[in-house]
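Participant:
There are 6 protein chains.
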Amino acid sequence: MANNNISTRKFSEIIEKLAESAQWSNQPGGNIYIPRLPSRGEIHETIELLRSALFPGYFGLSDVTEQFLPFHLGSLLEEVMKRLKIQILSSLCFTYPDPSKVAEYEIQAQKMLGEFIETLPAIKNSLSQDVAVTYEGDPACASEDEAIYCYPGIHAITNYRIAHSLNSLKVPLLPRIITEQAHSATGIDLHPGATIGKKFFIDHGTGVVIGETCRIGDNVKIYQGVTLGAKSFPLDMQGNPIKGIPRHPILEDDVIIYSGATILGRVTIGKGSVIGGNVWLIHSVPANSRIFQRAPKEDDFDRGSGI
Amino acid sequence: MANNNISTRKFSEIIEKLAESAQWSNQPGGNIYIPRLPSRGEIHETIELLRSALFPGYFGLSDVTEQFLPFHLGSLLEEVMKRLKIQILSSLCFTYPDPSKVAEYEIQAQKMLGEFIETLPAIKNSLSQDVAVTYEGDPACASEDEAIYCYPGIHAITNYRIAHSLNSLKVPLLPRIITEQAHSATGIDLHPGATIGKKFFIDHGTGVVIGETCRIGDNVKIYQGVTLGAKSFPLDMQGNPIKGIPRHPILEDDVIIYSGATILGRVTIGKGSVIGGNVWLIHSVPANSRIFQRAPKEDDFDRGSGI
Amino acid sequence: MANNNISTRKFSEIIEKLAESAQWSNQPGGNIYIPRLPSRGEIHETIELLRSALFPGYFGLSDVTEQFLPFHLGSLLEEVMKRLKIQILSSLCFTYPDPSKVAEYEIQAQKMLGEFIETLPAIKNSLSQDVAVTYEGDPACASEDEAIYCYPGIHAITNYRIAHSLNSLKVPLLPRIITEQAHSATGIDLHPGATIGKKFFIDHGTGVVIGETCRIGDNVKIYQGVTLGAKSFPLDMQGNPIKGIPRHPILEDDVIIYSGATILGRVTIGKGSVIGGNVWLIHSVPANSRIFQRAPKEDDFDRGSGI
Amino acid sequence: MANNNISTRKFSEIIEKLAESAQWSNQPGGNIYIPRLPSRGEIHETIELLRSALFPGYFGLSDVTEQFLPFHLGSLLEEVMKRLKIQILSSLCFTYPDPSKVAEYEIQAQKMLGEFIETLPAIKNSLSQDVAVTYEGDPACASEDEAIYCYPGIHAITNYRIAHSLNSLKVPLLPRIITEQAHSATGIDLHPGATIGKKFFIDHGTGVVIGETCRIGDNVKIYQGVTLGAKSFPLDMQGNPIKGIPRHPILEDDVIIYSGATILGRVTIGKGSVIGGNVWLIHSVPANSRIFQRAPKEDDFDRGSGI
Amino acid sequence: MANNNISTRKFSEIIEKLAESAQWSNQPGGNIYIPRLPSRGEIHETIELLRSALFPGYFGLSDVTEQFLPFHLGSLLEEVMKRLKIQILSSLCFTYPDPSKVAEYEIQAQKMLGEFIETLPAIKNSLSQDVAVTYEGDPACASEDEAIYCYPGIHAITNYRIAHSLNSLKVPLLPRIITEQAHSATGIDLHPGATIGKKFFIDHGTGVVIGETCRIGDNVKIYQGVTLGAKSFPLDMQGNPIKGIPRHPILEDDVIIYSGATILGRVTIGKGSVIGGNVWLIHSVPANSRIFQRAPKEDDFDRGSGI
Amino acid sequence: MANNNISTRKFSEIIEKLAESAQWSNQPGGNIYIPRLPSRGEIHETIELLRSALFPGYFGLSDVTEQFLPFHLGSLLEEVMKRLKIQILSSLCFTYPDPSKVAEYEIQAQKMLGEFIETLPAIKNSLSQDVAVTYEGDPACASEDEAIYCYPGIHAITNYRIAHSLNSLKVPLLPRIITEQAHSATGIDLHPGATIGKKFFIDHGTGVVIGETCRIGDNVKIYQGVTLGAKSFPLDMQGNPIKGIPRHPILEDDVIIYSGATILGRVTIGKGSVIGGNVWLIHSVPANSRIFQRAPKEDDFDRGSGI
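These protein sequence lines are chains D, Y, L, A, S and V, in that order.
Going by my numbering, the first sequence opens with residue 361, and the numbers climb by one from there.
Going by my numbering, the second sequence opens with residue 361, and the numbers climb by one from there.
Going by my numbering, the third sequence opens with residue 361, and the numbers climb by one from there.
Going by my numbering, the fourth sequence opens with residue 361, and the numbers climb by one from there.
Going by my numbering, the fifth sequence opens with residue 361, and the numbers climb by one from there.
Going by my numbering, the sixth sequence opens with residue 361, and the numbers climb by one from there.
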């Protein structure tokens, strides 16, 4: 009775068309023949588990005492490892589809996982410094606890530091999924390929974009809506963009970029510079520069039309 | 024992006040007497099912083989139809509350659903081209798979193309809910009433706003933070804005708008134009224009105050 | 078999390092010894319940009739009170860790809760006016229902008005968590400490930031990407920012700020002023000012490089 | 790759066979064309809600205070009514399939529901007495609370009294589903058609069966494994059993039946009788009878074979 | 603060003891080294999916129309196959632990699965007849629909017929888990190794036990509490029972066994026999026998003691 | 519109009646004023966690390797302790309602918990022997793994041994809830007060009842449907049964009881005795007795009536 105004023939035609174009993939065979795809839901849950291992007491393990903490951390980390290995393996299988290599990928995934896990103390140490500058840098921040618990910047940087570590180990696809999940939650889009130094502070953060080949020094502050993007890019002979060429800004230590500024291209913002809000900047500036938008005009423009 | 410092009388007064003002609706009777409201949770789940029918192998159907794909697509699509019909019906009942017309609305919903389902192959075809230009247009994008799996632009455009089709069939309320769910997930706000051509590419996307009466050509690229908005709007005799008048920009084919640009009003951006970042533009420009913010000034403004 | 390429010794070392640095907190003892932490998941669910009490028929209580509404509102509100009290108590225990004071905090939480609940009718009344101006102010908005159901501005302002009420009662931490959850869902970041008048309208909203000490009058409109931020702030003798000093803009009644404008510092935007998009403004302006970015330049800049 | 050793043709044949024989129903048209089936999951949840309304403080409403109890009960009961009406309607549509009568069934379902709800105080009163005799009748029962909380007999009798009330109102199918859910949880199978008096006590209860036409007086005790069944039944001309004829035992007041006794047929167990364990009884017995299995024999039977 | 009265040393000792005796398995290496264990939760869900494929319209697929049924059945069956294969493989790995054979087991599991799926039409056909005799055999059963929807006998026989098919294909462990899940839900314990003919009817069923080597003919009726068990069994030289020897009853066609009867050993109950309730029977009986417990005695036994 | 045929007045009356009789409890004040009730859902989950700690690798921890097992067991056990403490405390508060003693109960609960946890290695050891005799005693049992994974007897005995330990520590209410949950899942009703020796084997088990004051020796086998119950019990002056008096059977070592036997009263079944199926026994028997039901009669009883 329900849905009966579409004929069986028409319905089958639609199904056929949807099925026909299922081979999106630019890889031979198309992805739908590959049994294992990374799962965005699984990745999300795994990263949340990892976040609770990095910030015990804040996420997940809310009332654990010191006595039992090592047991919980061990159990949690083993769970993270088990899940992450599956996702790394899926990413390899999906990116380099070759059924004959699954066993080889399994060994590779295990190796990548082991190396990643060993970077966790360093990641934790970096995040600890990011938290400290967040507290110090924002008069509205009442404690380091509030920074951890409420600041989207810390959320996004945590995902970035995890993803960057995986990206450095050449894990495909997974790092981008991890940073995109932070992007969706916070509006902060940090490419896992970017290099970001110590004591990084992003305030508010919505609309921040930091591109793949950015290099950012220590003690840099970025406000919401800042773009560190690419200006243009060379094409190969087929007219496709050449991948991987350095094309995003370099920010030296102690730089501050105010909200809504757009900096494009492989330019260098010298140490200690301050870039004002809403600036459009496509050239390098020396150390200690102070760059601002020209003063606005006041006029009666369009007064009659209601604006 | 709990909560006992609020008196029963006071509690009842608060309840009464909350209940009294429940009739928000500007429709006679108030909405709370209408038995069926569209459900945001249901709509979200239905759109996710539809996404997995449009991109089989990427969402939901992660390890289906070619042999069984038609069964899964058929089953999935029937589920989508069943759910979507209820939401369309609810939207009609909610928007045009008239208990005597429920049976009529049911027929109307069935008809709208049937027509919508027939647009799915075309939607899929458009999305396929959107995916292709995303891969081609971003050097950081490693494959079409990554575009589908990780790019918020593709997520938002998928919701838009579904919502736009429903909007063209005069389904009320539902299209806006669908695009708002993408807005929440991606920060990209595409009004279902806008007209968007083939091969549309949004990169990063947080903060993009495309208004109800925009008309966008083929092969257009938009970066994060771009606003295509209304400058002002005429009021009717009661001082309310007159709804539905064309008031947003027209973008001709091959236009590129860089991050943070704001273009307001029924202006036309001519074919092949490039609008630089952070520009404020309220006039039409001819084909092949290149518009940029004036060069910033460098000064020592406020150096003493710490900025 | 799984995970076996990390040695037990290495694994234990990592655990030890993660556990060692668990004492993030700048409070004596470290937070992990405090039994109760506020729960972000619980807070989220509680606020959603409260939203359905404030907008009955739109959220949660979708098909309740007038006859039974008071029962449902009573039951819902009692549930909200029970949950909220636990979160207020947790916030007190977490912020002022002192095991000897838990009983005292329990009384304080009960009192704060009671006072908060009594503000609900006023909150509802304010939101009712916010909904009305949203409908009136946007030609794309088909009804007040659509404003409630689809507009991220209404979502964010609802969280803000709840959080602001709690903040005024000196509930720690919780208000910021509540506004951050709206920030994540909508991209609109309204600090609970800000003061916002009646008939507030935010359109689209992604990227809006309104800082802690802002004072906003009645009938103000804000578009996406607008920042009302701090320009700089004095440091104390230890070099830490002094907390709580007024440092954000004052907007008088009837002000409109277009998308992407950045206004920084304790400046005053006079009654009835209009600030155009993408403006960078760090000085006060008198009533009825109209401030716009300087006209962009059109040139052939970088034409050869592909931009 | 998965599942690929079954050919598409073979798979389709199996599907076809499973689909062909889908018309189980002995009703014209077969059930799969009827849009609404009662849902066992929904019924289960609804009965659990009703249980918490009948025993507030024990199930569901675990920490409600007197002040707010009426709100919660009202909200709960309205929820029960809303859900139960759908299930009654589904039962009618399923049992008497006739698309032209759906509107009529809706009115009938509403009427049945109203009448059922009015029996709730009487059901509660009966259960209150069942709880009291359970506590009084079992030395192992520490309190009435334990009877409510732990005794499968109380669980099964609650479902029975609800189902019996619905059955008396001629609601089809639903009553049997409700008693079967108790049967599954407790091993106690009470047919909703049976008539059971006040102060009924079932101890342990696994394996108890009480048939459709049983009539049980007040103050009766039944132990585990007792069957009150039918001995045989007349057939109609087609050889089918004639439905609805009295064929199960009558137990007068104050009867006790010990574990494992089987009583079959329309026999009467007189007032105050005691039937011992494991008895097979197919004749009536007068008041105050005491019936026991003959003394067992002691022998060396099968000693050699290991028993 | 919580749990602090157990010392870390004591806690570690307990952990150590629990971990030490983890190697329950009588297989070399112990089971905890085998990566894949069958999952009872997964098996439960898979069997429920299969039940909805065998009885479409009753379970799971509650409002599917004829038009879309094949799509849903195909999708459902493919899901069942995918899940079942994993569980068969796990059962093989768990029962015959040998890491070097996993690939071989995978092929074997695929083969077993394929053969099992081909038996589904026959299983469906048998169940169809079981449903028919249930309706015909019980005057309290209002329709075949009620038999399918409410009778624990049909639930248990469905699980048995599935499990028996898997058992015949030598799938280890899994069949027993499947029948135990029905045992838990219904109190009916049918060993997957038993052979049961057509038109099998179990009424009420709680406490029914049918042993591994039973052979049951066509058209047999069994009531609650009936045991078809083993009397004794020979031991091997180590004193362990010899597995697999025929040791349970044979029931020829058309036999009826009333509630609570216990029949033990490799005895034969001749065609058409009726065994009364609560009988203890350990010898064969010829065709058409009628066996009943001796008449009970009526006496004043224990009258003084309250029984 | 829904539910509107019940008047608001009638509805309120029903609510009032349901609320009035909410004070079931025989304790002063009624239970609904006590804030903490034990939660059956929580208890269920906690016992399942404990089951997975007692049988690691079978339940919950399905693919843990030896390397990480101690972390998982530690984490699991701490979780069990945290949850169990809350339930013990609730049981104390509920059973002995006295708001002034909550702090005292908290200490008592902590102490009870600590003592209980120390009995876990002994419980595990006992269960290990129960598993061994299950495998040895049933020719149908293919391995100890199958005994753990599939035998309801092991499930029920596990709950019993946990509950008995808590009962011995005088934890109120909770032990009975734990054994009732096994009763519901398996049909086996083992009172936590009973004393059961080593190497206990229950086969099939549905309908087994073992009363509160039973004393069972080592190496005892019990089949389905066996009752070890009370025959009668003395009343106190008010006519209530006197609680706690020994009134259930004593089974010495090496006893076997076949299915359906009923043994009532404080009788002793001597060492090594075998009691046949369906026997009704209310006297003691010496060591090595073999007791069977008298041979059944074969007759033509009721042949004409269809039985």
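In this text, a Cβ means the ideal position worked out from N, Cα and C, and glycines have one as well.
To which residues of the same chain is residue 395/S closer than 7 Å at the C-beta, ignoring the five residues directly before and after it?
Facilitator: One-based indexing of the fifth sequence puts residue 395/S at position 35. Legend: pLDDT at residue 395/S = 45, less than 50; position of this residue unreliable, value from coordinates given subsequently. None.
Participant: Using 8 Å as the limit for Cβ to Cβ distance, is residue 682/D near chain V?
Facilitator: Residue numbering for chain D in the displayed model covers 361 to 667; residue 682/D lies beyond these limits and cannot be assessed.
Participant: To the nearest whole angstrom, what separates the beta carbons of residue 568/A and residue 585/A, a pair I think is in contact under 8 Å?
Facilitator: As a first step, residue 568/A must be located in the fourth sequence, where it is residue number 208. As a first step, residue 585/A must be located in the fourth sequence, where it is residue number 225. That pair is a contact at about 7 Å.
Participant: In the DSSP assignment, what are the bridge partners of residue 587/A?
Facilitator: If you number the fourth sequence from 1, residue 587/A lands on position 227. DSSP output for residue 587/A lists 569/A and 622/A as bridge partner(s).
Participant: Listing by chain order, which chain A residues have their CB less than 7 Å from the CB of residue 459/S?
Facilitator: Residue 459/S sits at position 99 when you count from the first residue of the fifth sequence. Those within 7 Å of residue 459/S in chain A number zero; the least Cβ separation is about 22 Å.
Participant: Closest to residue 520/Y by C-alpha separation, out of 505/Y, 538/Y, 409/Y and 435/Y, would be which residue?
Facilitator: Taking the second sequence and counting its residues from 1, the one referred to as residue 520/Y is at position 160. Residue 538/Y is the option with its Cα nearest to residue 520/Y.
Participant: Nearest CA to the CA of residue 644/Y: which residue from 655/Y, 503/Y and 624/Y?
Facilitator: Taking the second sequence and counting its residues from 1, one reaches residue 644/Y at position 284. Answer by Cα proximity: 624/Y.
Participant: Any C-beta of chain B sitting closer than 8 Å to the C-beta of residue 447/V?
Facilitator: The displayed structure is made up of protein chains D, Y, L, A, S and V, and chain B is not among them.
Participant: Per the DSSP calculation, residue 628/A is bridged to which residue(s)?
Facilitator: As a working mapping, residue 628/A is identified with position 268 in the fourth sequence. According to DSSP, residue 628/A bridges with 610/A.
Participant: Using a C-beta to C-beta distance shorter than 8 Å, which residues of chain V count as neighbours of residue 601/S?
Facilitator: The residue labelled residue 601/S in the question sits at position 241 within the fifth sequence. Near residue 601/S (Cβ distances below 8 Å), the residues of chain V are 496, 497, 498 and 499.
Participant: Might you give, ordered along the chain, the residues of its own chain that have their beta carbon closer than 8 Å to the beta carbon of residue 360/V, omitting 5 neighbours on each side?
Facilitator: Absent from the model: residue 360/V. The displayed extent of chain V is 361 to 667, so no value can be given.
Participant: Using C-beta distances below 7 Å, list every residue in its chain close to residue 531/V, excluding the 5 sequence neighbours before and after it, in chain order.
Facilitator: Counting from one through the sixth sequence, the residue named residue 531/V turns up at place 171. So the qualifying residues of the chain are 448, 451 and 472.
Participant: Does DSSP put residue 454/Y in a helix, a strand or coil?
Facilitator: As a position in the second sequence, residue 454/Y is number 94, starting the count at 1. It is helical.
Participant: Comparing the C-beta of residue 438/V with each C-beta of chain D, is any distance below 8 Å?
Facilitator: Taking the first residue of the sixth sequence as 1, we reach residue 438/V at position 78. Yes - at least one Cβ of chain D is within 8 Å of the one on residue 438/V.
Participant: In terms of residue numbering, what span does the alpha helix (DSSP H) encompassing residue 505/A cover?
Facilitator: For the purposes of this step, residue 505/A is identified with residue 145 of the fourth sequence, where counting begins at 1. Residues 504-510.
Participant: Keeping to the same chain, check which residues put their C-beta closer than 8 Å to that of residue 648/D; ignore five residues upstream and five downstream.
Facilitator: Along the first sequence, one-based indexing puts residue 648/D at 288. If we look at residue 648/D and ignore the five residues flanking it on each side, its Cβ neighbours are 630, 631, 632 and 633.
Participant: Report the residues of the region 462-479 of chain A with a CB closer than 7 Å to any CB of chain Y, ordered along the chain.
Facilitator: Answer in chain order: no residues at all.
Participant: Helix, strand or coil, according to DSSP, for residue 550/V in the structure here?
Facilitator: As a working mapping, residue 550/V is identified with position 190 in the sixth sequence. Three-state result, residue 550/V: strand.
Participant: Is it buried or exposed for residue 388/Y, if we count other Cβ within 10 angstroms and need 16 for buried?
Facilitator: Sequence index remark: in the second sequence, residue 388/Y carries index 28 (1-based). With a pLDDT of only 37 at residue 388/Y, under 50, the local geometry of the prediction cannot be trusted, and no value is derived from it.
Participant: Determine the DSSP secondary structure at residue 426/V, reduced to helix, strand or coil.
Facilitator: Locating residue 426/V in the sixth sequence gives position 66, counting from the first residue. Coil, per DSSP.
Participant: Does any residue of chain V bring its CB to less than 8 Å from the CB of residue 505/A?
Facilitator: One-based indexing of the fourth sequence puts residue 505/A at position 145. Chain V, which has a Cβ nearer than 8 Å to the Cβ of residue 505/A, makes this yes.
Participant: Return the chain-ordered list of same chain residues with a C-beta closer than 8 Å to the C-beta of residue 557/V, the five sequence neighbours on each side being excluded.
Facilitator: Counting from one through the sixth sequence, the residue named residue 557/V turns up at place 197. Counting only Cβ-Cβ distances below 8 Å, and skipping sequence neighbours, we find 576, 577, 578, 579, 580 and 613.
Participant: Between residue 348/A and residue 414/A, which are expected to be in contact by the criterion C-beta below 8 Å, what is the C-beta distance as a whole number of angstroms?
Facilitator: Residue 348/A is absent from the structure shown; chain A starts at 361 and stops at 667.
Participant: Can you tell me whether DSSP reads residue 641/A as helix, strand or coil?
Facilitator: For the purposes of this step, residue 641/A is taken as the residue at position 281 of the fourth sequence. If DSSP states are grouped into helix, strand and coil, residue 641/A belongs with the strands.
Participant: Below 8 Å on the Cβ atoms is my guess for residue 512/S versus residue 565/S; work out the distance and round it to an integer in Å.
Facilitator: One-based indexing of the fifth sequence puts residue 512/S at position 152. One-based indexing of the fifth sequence puts residue 565/S at position 205. That belief holds up - the Cβ atoms of residue 512/S and residue 565/S are roughly 5 Å apart, short of 8 Å.
Participant: Mind pulling the chain Y residues with CB within less than 7 Å of residue 653/D?
Facilitator: For this step, residue 653/D is matched to residue 293 along the first sequence. The contacting residues are 656.
Participant: Report the option in 592/V, 479/V and 548/V whose CA atom is closest to the CA atom of residue 529/V.
Facilitator: Counting from one through the sixth sequence, the residue named residue 529/V turns up at place 169. Comparing Cα positions, the closest option is 479/V.
Participant: Curious, which full-length alpha helix (DSSP H) runs of at least 4 residues does the region 462-516 of chain L contain?
Facilitator: Runs of the alpha helix (DSSP H) inside the region 462-516 of chain L: 462-478, 480-497 and 504-510.
Participant: Between residue 378/L and chain Y, is any beta-carbon pair separated by less than 8 Å?
Facilitator: The residue given as residue 378/L occupies position 18 in the third sequence. It does not: the Cβ of residue 378/L has no partner Cβ on chain Y nearer than 8 Å.
Participant: Expressed to the nearest angstrom, what Euclidean distance is found between the alpha-carbon atoms of residue 544/L and residue 407/L?
Facilitator: The residue given as residue 544/L occupies position 184 in the third sequence. The residue given as residue 407/L occupies position 47 in the third sequence. Each residue's alpha carbon lies about 14 Å from the other.
Participant: Might you give, ordered along the chain, the residues of its own chain that have their beta carbon closer than 6 Å to the beta carbon of residue 615/A, omitting 5 neighbours on each side?
Facilitator: If you number the fourth sequence from 1, residue 615/A lands on position 255. Cβ within range, chain order: 580, 629 and 633.
Participant: Tell me, to the nearest whole angstrom, how far the beta carbon of residue 621/Y is from that of residue 638/Y; I am working on the premise that it is less than 8 Å.
Facilitator: Walking along the second sequence from the start, residue 621/Y turns up at place 261. Walking along the second sequence from the start, residue 638/Y turns up at place 278. The Cβ separation is near 6 Å, so the contact holds.
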